[in-house]
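In the UniProt record's numbering, the protein residues as written are 1 to 136.
Since the structure comes first, as structure tokens, the remarks are kept for the end.
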């Protein structure tokens, strides 16, 4: 599960960076508040919105957590998306586009899901570490 989540988040960072470089849509008018300076000047699509939508789909459909956590995760996702517009960091379409990208990424991760045995083998190969009870 963790490897799939990591894969999805890294995929998201790459896809968002490529899309921002392609579309190059400027952010909304910058206010004079120094706290709103960001690492880039392009706004479409919203990386925050795509990651929060990806996490929502991941933990509710791909690797479901308890249904008691679904509402807090949904509330968090909507809060992140709304905050991007309220802070004037994105236009509404940037956020909706980001959410769409996040959903597509979640579907892609679901198609490319790495099983527990394969994930364990990959982690062992990368870290050269053996799990307890495994052969050395």
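Beta carbons are placed, not taken as given, at the ideal position from N, Cα and C, and that holds for glycine.
Contact with chain C by residue i, beta-carbon distance below 9 Å
{"i": "residue 119", "result": "Here chain C cannot be found, since the structure has a single protein chain."}
Helix, strand or coil at residue i [DSSP, three-state]
{"i": "residue 27", "result": "coil"}
{"i": "residue 14", "result": "helix"}
{"i": "residue 34", "result": "Confidence at residue 34 is low in this model, with a pLDDT of 49, below 50, so its placement is unreliable and no value can be given for it."}
{"i": "residue 124", "result": "helix"}
{"i": "residue 64", "result": "coil"}
{"i": "residue 89", "result": "coil"}
{"i": "residue 113", "result": "coil"}
{"i": "residue 1", "result": "coil"}
Residues near residue i in its chain [Cβ-Cβ closer than 7 Å; skip 5 each side]
{"i": "residue 91", "result": "28 and 43"}
Alpha-carbon spacing of residue i relative to residue j, whole angstroms
{"i": "residue 24", "j": "residue 9", "result": "22 Å"}
{"i": "residue 20", "j": "residue 45", "result": "6 Å"}
{"i": "residue 125", "j": "residue 118", "result": "10 Å"}
{"i": "residue 115", "j": "residue 95", "result": "32 Å"}
{"i": "residue 13", "j": "residue 61", "result": "21 Å"}
{"i": "residue 56", "j": "residue 122", "result": "25 Å"}
Same chain, Cβ closer than 6 Å to residue i, neighbours up to 5 away in sequence not counted
{"i": "residue 63", "result": "1"}
Beta-ladder partner(s) of residue i, from DSSP
{"i": "residue 42", "result": "26"}
Neighbourhood of residue i by C-beta, 8 Å cutoff - its chain only, sequence neighbours within 5 removed
{"i": "residue 69", "result": "59"}
{"i": "residue 41", "result": "26 and 27"}
Could you tell me whether the stretch 103-112 touches the stretch 75-88, where touching means 3 or more Cβ pairs closer than 8 Å?
no
Taking 8 Å as the threshold, find out whether the stretch 43-59 comes into contact with the stretch 95-103 through three or more Cβ pairs.
yes
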